[in-house]
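Read the structure below first, then the notes.
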Amino acid sequence: MSESKLETVSLLVDNTQTSQDELDVLLQDETLSDSWHNYHLIGDVMRGDVASNLDIDLSDSIAAALAQEPTVLAPQKKSFSAQVKAKVIQFSKPFGQVAIAASAAGLMVFGVQQNNADNELDVVNPVIQTVPFGGTASPVSYNYAQPSPGAQKQALIEQQRRFQALLNDHNQQVKLKAATASTDESSLEPKNALEQANTPEQENN
Amino acid sequence: MKALTFCLLFAFSPFYALAAESVQAITWLERLSQSFKQLNFASSFVVVKNNQAEPYHWAHGVSEDGVQLEVLSLLNGPRRDTLRRDDIVSYIEPQLPPYSVKSNQISGPIPQILSGDIDQLAENYDFISVGRSRVLGRSAQIIRIVAKDKTRYGHWLWLDQETGLLLKLAIVSDKGQLLEQIQFTHLDITEKPSGYLTQLVETEFPKVVEMPNNNDLDVLNWQVNYLPKGFTAIKANRHRLALTKQPAEFMLFNDGLIDLSVYVSKSEDQQRAVSYVKDGATLILNQVVDGFEVSVVGKLPVKTAQNIADSVAFKP
Chain E
-15 MSESKLETVS LLVDNTQTSQ DELDVLLQDE TLSDSWHNYH LIGDVMRGDV ASNLDIDLSD
45 SIAAALAQEP TVLAPQKKSF SAQVKAKVIQ FSKPFGQVAI AASAAGLMVF GVQQNNADNE
105 LDVVNPVIQT VPFGGTASPV SYNYAQPSPG AQKQALIEQQ RRFQALLNDH NQQVKLKAAT
165 ASTDESSLEP KNALEQANTP EQENN
Chain B
2 MKALTFCLLF AFSPFYALAA ESVQAITWLE RLSQSFKQLN FASSFVVVKN NQAEPYHWAH
62 GVSEDGVQLE VLSLLNGPRR DTLRRDDIVS YIEPQLPPYS VKSNQISGPI PQILSGDIDQ
122 LAENYDFISV GRSRVLGRSA QIIRIVAKDK TRYGHWLWLD QETGLLLKLA IVSDKGQLLE
182 QIQFTHLDIT EKPSGYLTQL VETEFPKVVE MPNNNDLDVL NWQVNYLPKG FTAIKANRHR
242 LALTKQPAEF MLFNDGLIDL SVYVSKSEDQ QRAVSYVKDG ATLILNQVVD GFEVSVVGKL
302 PVKTAQNIAD SVAFKP
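From first to last, the protein sequence lines are chains E and B.
According to my numbering, the first sequence is numbered sequentially starting from -15.
According to my numbering, the second sequence is numbered sequentially starting from 2.
Here's what the structure looks like:
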């Protein structure tokens, strides 16, 4: 039976005339209206009409979520003395704490957005992983001003690598800061341990 | 009621003994430095940056003979340990054979100056005692270290009221944005150093690295014409970046709190617009001007780093 109904839906999609009875049946059947939606989507895809970002219909799920939402009753108006009291407590807090809390909240929001962006990147092109060696265990985040696909991708990878190299070297030089400061009269053989230290790294690359 | 509000407002207003706050802040920082050097403690902390957390274990102690012992280990990923016995610091890192340098301070996430002579900073930084808070279940004093000329980020410190030790550190931009923070998650103060630490007395440390004496600042034919007040050149040399093998000329500057590296090298490109990335508070800025690539790395705001990069010029 559902086979024949689906056929009716198909006919409708193709703008073929159908009887009023059939239409009524269709409109009451939820799975069939889903099929109606899907057939249209399939048609659109085949014609290449669909935008590159599929605009998924969220209205149903949002409506469902709203239905689940508990009703919020408007809070009762506070008495005047309670309002004043609350204000006084706020004043008595050190301003520094408030500022830090606000900035922490800012960071959290930023963090969530950052995460989403990363996930998208994972799908489109894998995050470039350069070998960490200086002071950080993770590749630096990328803030380049002109994100561009394809041809410039190689340039971006190159840039990322350059940044990582600079950061690693900076961290290394800071660690070696003391070494230079303490060897003023160094007439010893030049570039010994560190030069050797760098060799296995070179082989790795 | 109005009078009470006014009183509270006044009590926390900037008029309230500004000079006294500064003196108080210095006392707190001096106490921190002493505690770092004298106390036996084992601690854990997390460095939060780039939306990621790096956990560390950190222990410090003084042996019966008065020898300072210290271990700092990164707990995630490949092993990265730093050991210290008095004035020898050893770095054990992946891809490098272990090496030692002569220093009485470990170079790690916690600024070295905090265990050094804090008065060195007084010329370029203000110390402000802000208030109290609760961190790691302890009562903490908040101290801000702020550059006088507004060209650098602020450092916020939460110090344990009981021992003076660091409980939390945040690097904050002038707009109040939190860029990087160190949060202690465990702190154990003991009478004697742990057995784990006392082993360091007998441990054979890797050979101390002797760097070639190429610290001559005149070795390079370029100079940095703008630096925020207080930065001095520590060293200058030519070397290759380990990762890309790119040869570069290099200068390291320091203002007591922040390290700043400037790199100059020949580039295949004639011009390249400035670009930068941030690793927590650390900025890496890079641009090519007239065939020369100039890079600036350090915990500095973009504007300051840009001014420094723009000021690099060949010596006349």
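All C-beta atoms, glycine included, are put in the ideal place defined by N, C-alpha and C.
Bear in mind the structure is a predicted one, so any value in this text is a computation, not a measurement.
From the beta-carbon of Val158 of chain E, the residues of chain B found nearer than 7 Å are Ser108 and Asp260.
DSSP places Ile183 of chain B within a strand segment (E or B) once states are collapsed to three. Interface residue (Cβ-Cβ distance to chain E less than 8 Å): Ile111 of chain B is not classified as such. Taking C-alpha positions only, Ile27 of chain B is separated from Lys267 of chain B by approximately 45 Å. Counting of Cβ neighbours within 10 angstroms places Gln39 of chain B among the exposed residues, the total staying below 16.
Against Lys137 of chain E, chain B offers no close residue; the least beta-carbon distance is about 15 Å (beta-carbon pairs closer than 9 Å). The three-state reading of DSSP puts Arg146 of chain E in helix, counting H, G and I together. Using beta-carbon distances, Arg31 of chain E does not count as an interface residue toward chain B, since no partner is under 8 Å.
Non-local C-beta neighbours of Asp260 of chain B in its own chain, meaning closer than 7 Å and more than five positions away in sequence, comprise Leu253 and Gly299, ordered along the chain. Boundaries of the beta strand (DSSP E) around Leu84 of chain B: Arg81 to Arg86. According to the DSSP secondary-structure assignment, Pro56 of chain B is paired through a beta bridge with B:Val47. Around His21 of chain E, no beta-carbon contact reaches into chain B at under 8 Å, the shortest distance being about 38 Å.
Residue range Gly196 to Thr199 is occupied by the alpha helix (DSSP H) that includes Gly196 of chain B.
Classified as buried, Pro194 of chain B has 16 or more neighbouring CB atoms from the shown chains inside 10 Å of its CB. No residue range can be given for Ile259 of chain B, since it is assigned to no alpha helix (DSSP H) and is classified by DSSP as neither H nor E.
The continuous stretches of beta strand (DSSP E) do not include Asn222 of chain B, and DSSP gives it neither H nor E.
The contact set of Phe232 of chain B on chain E, defined by CB atoms closer than 9 Å, is empty, because the minimum CB distance reaches about 14 Å.
Residue-level contact check: Val265 of chain B does not touch chain E, since none of the beta carbons of chain E fall below 8 Å from its beta carbon. Counting only residues of its own chain and dropping the five nearest sequence neighbours on each side, Ala171 of chain B has a CB closer than 7 Å to the CB of Trp157, Leu179 and Gln182.
Annotated as distal: Val202 of chain B and Leu73 of chain B, with beta-carbon spacing of 8 Å or more. With a contact defined as Cβ atoms closer than 8 Å, Arg133 of chain B and Ile143 of chain B qualify at about 7 Å. Between Asp280 of chain B and Leu151 of chain E the beta-carbon gap is near 6 Å, inside 8 Å, which marks them as a contact.
Counting other Cβ atoms within 10 Å of its Cβ, Met212 of chain B reaches 16 or more and is therefore classed as buried. The beta carbon of Thr204 of chain B sits closer than 8 Å to the beta carbons of Leu84 and Arg86 from its chain, once the five residues preceding and following it are set aside; these are given in chain order.
One Cα belongs to Gln25 of chain B, the other to Ile119 of chain B, and the distance between them is close to 13 Å. In its chain, beyond the 5 residues on either side, Ser45, Phe46, Val47, Val48, Leu73, Ser74, Leu75, Leu76, Gly109 and Pro110 have a beta carbon closer than 8 Å to the beta carbon of Tyr57 of chain B.
Runs of the beta strand (DSSP E) lying entirely within the region 275 to 314 of chain B and spanning at least 3 residues, in chain order: 283 to 290 and 293 to 299. Ile172 of chain B has a beta carbon lying at 8 Å or more from every beta carbon in chain E. In the DSSP assignment, Glu6 of chain E falls within the alpha helix (DSSP H) that extends over Gln4 to Gln12.
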